[in-house]
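Student:
Number of protein chains: 2
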Amino acid sequence: MRFAAGAQDISVSASPYKQLEQEFKRLHALRGALSLLRWDAAVMMPRGSADIRGEQLAALETEHHALLTAPRISRLLDRAQANEQGMEDWQIANLREMRRERDHAIATPVSLISRLTKAVSRAEVCWLDARAQGRFDQFAPHLEEVVHLVRDKAALLGQALNLAPYDALVDEFSPGITTVDIDTMFKALSRRLPALIREAIAEQEGRPPQPLAGKFPLAKQRALIVEIMKQIGFPFDRGRLDESEHPFTEGVPGDIRVTTRLDATDPFTGLLGALHETGHAMYDLGLPQDWRDQPVGRDRGMALEESQSLLMEMIVCRSRPFARYVLPLLEKHFAVSGPEWDVENLYAHLTRVRRGSIRVDADELTYPLHILLRYELEKQLLFGELAVRDLPEAWNAGMQQRLGIRPANDTEGCLQDVHWSVGSFGYFPSYALGAVIAAQLYESLRSDVPALDEQLARGEFSGLLGWLRTNVYGLGAKVPVQDLLRGATGKTLSAAAYIRYAEAKYLGPAASEAA
Amino acid sequence: MRFAAGAQDISVSASPYKQLEQEFKRLHALRGALSLLRWDAAVMMPRGSADIRGEQLAALETEHHALLTAPRISRLLDRAQANEQGMEDWQIANLREMRRERDHAIATPVSLISRLTKAVSRAEVCWLDARAQGRFDQFAPHLEEVVHLVRDKAALLGQALNLAPYDALVDEFSPGITTVDIDTMFKALSRRLPALIREAIAEQEGRPPQPLAGKFPLAKQRALIVEIMKQIGFPFDRGRLDESEHPFTEGVPGDIRVTTRLDATDPFTGLLGALHETGHAMYDLGLPQDWRDQPVGRDRGMALEESQSLLMEMIVCRSRPFARYVLPLLEKHFAVSGPEWDVENLYAHLTRVRRGSIRVDADELTYPLHILLRYELEKQLLFGELAVRDLPEAWNAGMQQRLGIRPANDTEGCLQDVHWSVGSFGYFPSYALGAVIAAQLYESLRSDVPALDEQLARGEFSGLLGWLRTNVYGLGAKVPVQDLLRGATGKTLSAAAYIRYAEAKYLGPAASEAA
Numbered sequence: 031m032r033f034a035a036g037a038q039d040i041s042v043s044a045s046p047y048k049q050l051e052q053e054f055k056r057l058h059a060l061r062g063a064l065s066l067l068r069w070d071a072a073v074m075m076p077r078g079s080a081d082i083r084g085e086q087l088a089a090l091e092t093e094h095h096a097l098l099t100a101p102r103i104s105r106l107l108d109r110a111q112a113n114e115q116g117m118e119d120w121q122i123a124n125l126r127e128m129r130r131e132r133d134h135a136i137a138t139p140v141s142l143i144s145r146l147t148k149a150v151s152r153a154e155v156c157w158l159d160a161r162a163q164g165r166f167d168q169f170a171p172h173l174e175e176v177v178h179l180v181r182d183k184a185a186l187l188g189q190a191l192n193l194a195p196y197d198a199l200v201d202e203f204s205p206g207i208t209t210v211d212i213d214t215m216f217k218a219l220s221r222r223l224p225a226l227i228r229e230a231i232a233e234q235e236g237r238p239p240q241p242l243a244g245k246f247p248l249a250k251q252r253a254l255i256v257e258i259m260k261q262i263g264f265p266f267d268r269g270r271l272d273e274s275e276h277p278f279t280e281g282v283p284g285d286i287r288v289t290t291r292l293d294a295t296d297p298f299t300g301l302l303g304a305l306h307e308t309g310h311a312m313y314d315l316g317l318p319q320d321w322r323d324q325p326v327g328r329d330r331g332m333a334l335e336e337s338q339s340l341l342m343e344m345i346v347c348r349s350r351p352f353a354r355y356v357l358p359l360l361e362k363h364f365a366v367s368g369p370e371w372d373v374e375n376l377y378a379h380l381t382r383v384r385r386g387s388i389r390v391d392a393d394e395l396t397y398p399l400h401i402l403l404r405y406e407l408e409k410q411l412l413f414g415e416l417a418v419r420d421l422p423e424a425w426n427a428g429m430q431q432r433l434g435i436r437p438a439n440d441t442e443g444c445l446q447d448v449h450w451s452v453g454s455f456g457y458f459p460s461y462a463l464g465a466v467i468a469a470q471l472y473e474s475l476r477s478d479v480p481a482l483d484e485q486l487a488r489g490e491f492s493g494l495l496g497w498l499r500t501n502v503y504g505l506g507a508k509v510p511v512q513d514l515l516r517g518a519t520g521k522t523l524s525a526a527a528y529i530r531y532a533e534a535k536y537l538g539p540a541a542s543e544a545a
Numbered sequence: 031m032r033f034a035a036g037a038q039d040i041s042v043s044a045s046p047y048k049q050l051e052q053e054f055k056r057l058h059a060l061r062g063a064l065s066l067l068r069w070d071a072a073v074m075m076p077r078g079s080a081d082i083r084g085e086q087l088a089a090l091e092t093e094h095h096a097l098l099t100a101p102r103i104s105r106l107l108d109r110a111q112a113n114e115q116g117m118e119d120w121q122i123a124n125l126r127e128m129r130r131e132r133d134h135a136i137a138t139p140v141s142l143i144s145r146l147t148k149a150v151s152r153a154e155v156c157w158l159d160a161r162a163q164g165r166f167d168q169f170a171p172h173l174e175e176v177v178h179l180v181r182d183k184a185a186l187l188g189q190a191l192n193l194a195p196y197d198a199l200v201d202e203f204s205p206g207i208t209t210v211d212i213d214t215m216f217k218a219l220s221r222r223l224p225a226l227i228r229e230a231i232a233e234q235e236g237r238p239p240q241p242l243a244g245k246f247p248l249a250k251q252r253a254l255i256v257e258i259m260k261q262i263g264f265p266f267d268r269g270r271l272d273e274s275e276h277p278f279t280e281g282v283p284g285d286i287r288v289t290t291r292l293d294a295t296d297p298f299t300g301l302l303g304a305l306h307e308t309g310h311a312m313y314d315l316g317l318p319q320d321w322r323d324q325p326v327g328r329d330r331g332m333a334l335e336e337s338q339s340l341l342m343e344m345i346v347c348r349s350r351p352f353a354r355y356v357l358p359l360l361e362k363h364f365a366v367s368g369p370e371w372d373v374e375n376l377y378a379h380l381t382r383v384r385r386g387s388i389r390v391d392a393d394e395l396t397y398p399l400h401i402l403l404r405y406e407l408e409k410q411l412l413f414g415e416l417a418v419r420d421l422p423e424a425w426n427a428g429m430q431q432r433l434g435i436r437p438a439n440d441t442e443g444c445l446q447d448v449h450w451s452v453g454s455f456g457y458f459p460s461y462a463l464g465a466v467i468a469a470q471l472y473e474s475l476r477s478d479v480p481a482l483d484e485q486l487a488r489g490e491f492s493g494l495l496g497w498l499r500t501n502v503y504g505l506g507a508k509v510p511v512q513d514l515l516r517g518a519t520g521k522t523l524s525a526a527a528y529i530r531y532a533e534a535k536y537l538g539p540a541a542s543e544a545a
């Protein structure tokens, strides 16, 4: 059955600012629809329907772009900006975010975006094949085309936003973060991490964890994950948990869709994937409700998003308190028992440090080095300092230098990530920024909530979430990320807390508590 | 992760007709997105997310309406129409369908549609409560408001389309069908059906079917349904089967989503629901591939849609040949056996005629009388000949007169259907038209494919689908429905074939084959 639906009309007698709110409410609804289409494509869609979905996504993106770049929006922005006196802080911040969005959308001509979209859709298909067969040579011409177009886009974006080209790309994903911030962070990490990794591995080699054997049927894994997510506070009447090839979070606050990937031989893959995504979801769900359909009510970019998933997964859940909480649940759901099922052995599994080729399998100490390599290479590719054909060798040399290992082939090397094939340059740094921001927030959180560990060991997440609601979630996009950090931690972005956290966790007295 | 996507640009150097094709391709993609949002709302969406989904649907409807009613479309339509010489038949038909769509969209002012949308969304919520509690008095003011607004809409639509107001409403769902066609059909049905029902019930009372007992676990029901749908040819790589409160079909050819409702005590509810929807799906999947994103490539309205679902469910699957095919599958999937599991007893279950209050539970003989009642009442409501407050009594009197039964309460009476609460007037006739068209097509199909029964008994659907592809599916919306019928059956719409079919099935020698 198809039933008539209708149209909303926007009152033109409202103030320019109020008219903008109405326009961005429509844009928000379109973005929500786009998000659902992407979720469905990864979780529900029949395999043969990808082309059709691609057309639907493109049509909605086009409408979103057309609405956002309409001359009417620019006129309203100018008129609203001339009337900022008397507006509330939130509204002024909202106006700033509206302008930012419009500036990004309008900076690149539709013809360039269209060429990039087509190049990217060819490149992604080719990348899938090339990765499966370890044939970088087949992928190279496509990557070359994408790099050229992204270079043009970066130049135009940079001009329009008054930023260096690479900074303009970063600004799309993590507004308020610059190359200077990223370089400073990576410099500090490069200075300490390689030795820290060596020491942690040496420390762990003395007491290798005992294997955690058992039977882990998928239905029981699902039940365990749902129980823990409910305990954290994930609202299953306004969200879902499903399975997909790679874990992700989509949707909008009020309809959040989390996925994970289950492995019948290992319950931790699915659980930790779900907890990572629950970190994203709790952030999104905690965004200011009153502004939920406005730009100022959104998350504060990918670096902060990733800080929330890593804080939840890496810091909160790969911890002794969490191991204490989760051990009885593992025993209950999987009927496991035996001396190896104890807190210290579980904790040893959750915090194992190992050098490996694959980013998504990396532990929290080696992970930033994977990102550093990608950050350096993608800048070299964009600035013409590295030819696409020389990427595999540069990758392998970088891995050797940074992590002391050489990938067995390009599938485990420069072909492992999807990002470049889909034109996402400037995105990788947000992963490392997220790790650093997570540790910085956590240091203040611990000092503000002294009972945190005891709470977590009891499965109580209210202290954690209360602090995050006040200091992160509830701010939405009201202030720039550096201001948010200063408010929450007293400092702007710095890798110092991350290094303190890593040293204490992997080398401090607690690291060898069981020894 | 969020990746950049892009915009399509429409070349302005193409001919007006080609430009229109591009515009309608975008509209098609938007409609596909809307369809997915509706599917998700009924099948996957968390319960608490309905408000958000409502906003997303409204935003997409608004964009669809804005694109379709843009002055540019009208200009292009005029210019294209002036250049029809040299265009192919298909293209001329496409232009006609484009204009029809635009005419419908532009006839009603946005302000009226907006008021109707709001009234309808209040009315539907209230209807759910009123139905649950049997409180028509609570629903009446909302229905009154909806009736008023639909009356205004019908008047404006009628003026714009040069049709009588009620015909204009029918035209939205079943273009090419008029009140005269509907009245003629119902007159013929009213003349024969009441006696036919009496005779069929008397005939069946002499040999009541034996109960079909067994255990029918839902997972096995699903497996049975999937096996049969695959056998019919439903492509699970370009479609899905799920469960929902009411069976429906959504999606677009290439990504068709069918649902059914399973009942653990009765395997036929779920199976026949799925087969009904498979009839819709096979029609949609068989629409002309070359025109899949154009108006001329769509289905030929709800009357023809319903003819395809009823042909599949009522005629093809509630038959002896299908009972022969499906009996071994029932035995295999449910491990049932015994003398009651034989073709004649199964067939007796599939064709049982009973007078009841509920439309969706009605058999194929009593069903048109349920529709006739609604058709008469909705016209009286719209023309002011029946006050909303008098509806329950008019309903009950009509049921008494047409079907000889009086509903126990309004929940089983005038509150049972959602249609009026959501403003769908002019929709009900398509159900009865579908039954009549199905029988008319089937009569020609049987004569063109003499081996049909033997094929169906072997689970071979190629003869059936081949004929439908040639005579129905493959035409899309190229010709008006009456021309389609003339081409397929040599006659325009007539209830004669339906009556012949019903007499043969329920009273003819085959009806008592087992006696």
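These protein sequence lines are chains A and B, in that order.
The first sequence begins at 31 in our numbering and counts up one residue at a time.
The second sequence begins at 31 in our numbering and counts up one residue at a time.
Ideal Cβ placement from N, Cα and C applies to all residues, glycine included.
What you are looking at is a predicted structure, and each value in this text was computed from that prediction instead of being measured.
1. Taking the alpha carbon of residue 374 (chain A) as the point to measure from, which residue in A:241, A:57, A:77 has its own alpha carbon closest?
2. Taking residue 255 (chain B) as the reference, which of B:106, B:152, B:271 has the closest Cα?
3. In the DSSP output, what is residue 271 (chain A) paired with across the bridge?
4. In whole angstroms, what separates the C-alpha of residue 392 (chain B) from that of residue 78 (chain A)?
5. Using the three-state DSSP reduction, which class does residue 138 (chain A) fall into: helix, strand or coil?
6. Could you confirm whether any beta carbon from chain B is found closer than 8 Å to the beta carbon of residue 56 (chain A)?
7. Closest Cβ-Cβ distance between residue 268 (chain A) and chain B: below 8 Å?
8. Examine chain A for any beta-carbon lying closer than 8 Å to the beta-carbon of residue 74 (chain B), and answer yes or no.
9. Just reading off the beta strand (DSSP E) that residue 280 (chain A) is part of, what are its end residues?
10. Using 8 Å as the limit for Cβ to Cβ distance, is residue 78 (chain B) near chain A?
11. Determine, using beta-carbon pairs with one atom in the region 459 to 468 of chain A and one in the region 392 to 403 of chain A, whether at least three such pairs fall under 8 Å.
12. DSSP on residue 81 (chain B), reduced to helix/strand/coil?
13. Indicate whether at least one CB of chain A lies closer than 8 Å to the CB of residue 308 (chain B).
14. Please work out which residues of its chain come closer than 6 Å, Cβ to Cβ, to residue 322 (chain A), disregarding the five sequence neighbours upstream and downstream, and give them in chain order.
15. Considering residue 67 (chain B), what are the terminal residues of the alpha helix (DSSP H) in which it resides?
16. Do the CB positions of residue 531 (chain B) and residue 472 (chain B) come within less than 8 Å of each other?
17. Within its chain, find whatever has a CB closer than 7 Å to the CB of residue 504 (chain B); leave out the 5 residues flanking it on each side and keep chain order.
18. Quick one: what does DSSP say residue 545 (chain A) is sitting in, helix, strand or coil?
19. Can you tell me whether residue 540 (chain A) is buried or exposed? The criterion is at least 16 other CB atoms within 10 Å of its CB, across all chains shown.
20. Exposed or buried, residue 189 (chain B), counting other C-beta atoms within 10 Å across all chains shown (16 or more means buried)?
21. With a 10 Å radius around its C-beta and 16 neighbouring C-beta atoms as the bar for buried, classify residue 260 (chain B) as buried or exposed.
22. Against chain A, which members of the region 267 to 296 of chain B pass a CB distance test of less than 8 Å?
23. If you count every other CB in all the chains shown that lies within 10 Å of the CB of residue 159 (chain A), and 16 or more means buried, which is it?
24. Cα-Cα, which of A:309, A:441, A:265, A:296 is closest to residue 279 (chain A)?
25. Can you pull the DSSP bridge partners for residue 293 (chain B)?
26. Between which residues of its own chain and residue 83 (chain A) is the CB-CB distance below 7 Å, once the five residues before and five after are set aside?
27. Using a C-beta to C-beta distance shorter than 7 Å, which residues of chain A count as neighbours of residue 401 (chain B)?
28. So, for residue 418 (chain B): in the same chain, excluding its five sequence neighbours on each side, which residues have a beta-carbon less than 7 Å away from its beta-carbon?
29. Between the beta-carbon of residue 20 (chain B) and the beta-carbon of residue 502 (chain B), is there less than 8 Å?
30. Residues in its own chain within less than 8 Å of residue 506 (chain B) by CB, not counting five upstream and five downstream?
31. List the whole-angstrom C-beta distance separating residue 180 (chain B) from residue 455 (chain B), where the pair is believed to meet the contact cut-off of C-beta under 8 Å.
32. Kindly say whether residue 157 (chain A), judged by its beta-carbon, lies nearer than 8 Å to any beta-carbon of chain B.
33. Answer yes or no: does any C-beta atom of chain B fall closer than 8 Å to that of residue 70 (chain A)?
Tutor: Put simply:
1. It is A:241.
2. Nearest C-alpha to residue 255 (chain B) among B:106, B:152, B:271: B:271.
3. Looking at the DSSP output, residue 271 (chain A) sits in a beta bridge with A:288.
4. In a straight line, the C-alpha of residue 392 (chain B) is about 37 Å away from that of residue 78 (chain A).
5. Coil at residue 138 (chain A), not helix or strand.
6. Judged by the 8 Å Cβ criterion, residue 56 (chain A) is in contact with chain B.
7. Chain B contact via Cβ: present.
8. Look at residue 74 (chain B): its C-beta is under 8 Å from a C-beta on chain A.
9. First-last of the beta strand (DSSP E) with residue 280 (chain A): 279 to 282.
10. Contact with chain A is found for residue 78 (chain B), since one of that chain's Cβ atoms lies less than 8 Å from the residue's Cβ.
11. In short, these stretches touch, since the Cβ pair count reaches three.
12. Helix.
13. It does not; no Cβ of chain A falls within 8 Å.
14. Cβ neighbours of residue 322 (chain A) within its own chain (closer than 6 Å, five residues either side excluded): 283.
15. Per DSSP, the continuous alpha helix (DSSP H) segment holding residue 67 (chain B) begins and ends at 46 to 73.
16. The Cβ atoms of residue 531 (chain B) and residue 472 (chain B) lie closer than 8 Å to each other.
17. Cβ within range, chain order: 316, 318.
18. Unreliable placement is indicated for residue 545 (chain A), whose pLDDT of 41 sits below 50; the coordinate value is still reported in the next sentence. Assigned with DSSP and collapsed to three states, residue 545 (chain A) falls in coil, not helix or strand.
19. Residue 540 (chain A) sits exposed, since fewer than 16 C-beta atoms from the chains shown fall within 10 Å of its C-beta.
20. That one is exposed.
21. So residue 260 (chain B) counts as exposed.
22. Answer in chain order: 267, 268, 269, 270, 278, 282, 284, 285.
23. Here residue 159 (chain A) is exposed: its Cβ has fewer than 16 other Cβ atoms, across all protein chains shown, within 10 Å.
24. The candidate whose alpha carbon is nearest that of residue 279 (chain A) is A:309.
25. Note: residue 293 (chain B) sits in a beta bridge opposite B:296.
26. Apart from the 5 residues on each side of it in sequence, residue 83 (chain A) sits with its Cβ closer than 7 Å to the Cβ of 67, 71, 75 in its chain, given in chain order.
27. Result: empty, since nearest Cβ-Cβ is about 14 Å, beyond 7 Å.
28. Taking residue 418 (chain B) as the centre and dropping the five residues before and after it, the same chain places the C-beta of 170, 173, 174, 177, 411 closer than 7 Å to its C-beta, in chain order.
29. Absent from the structure is residue 20 (chain B), since the part of chain B shown begins at 31 and ends at 545.
30. Answer for residue 506 (chain B): 317, 318, 321, 326, 327, 328, 329, 330, listed in chain order.
31. Cβ-Cβ separation between residue 180 (chain B) and residue 455 (chain B): approximately 5 Å, consistent with a contact (criterion under 8 Å).
32. By this cut-off, residue 157 (chain A) is not an interface position.
33. True, the Cβ-Cβ gap to chain B drops below 8 Å.
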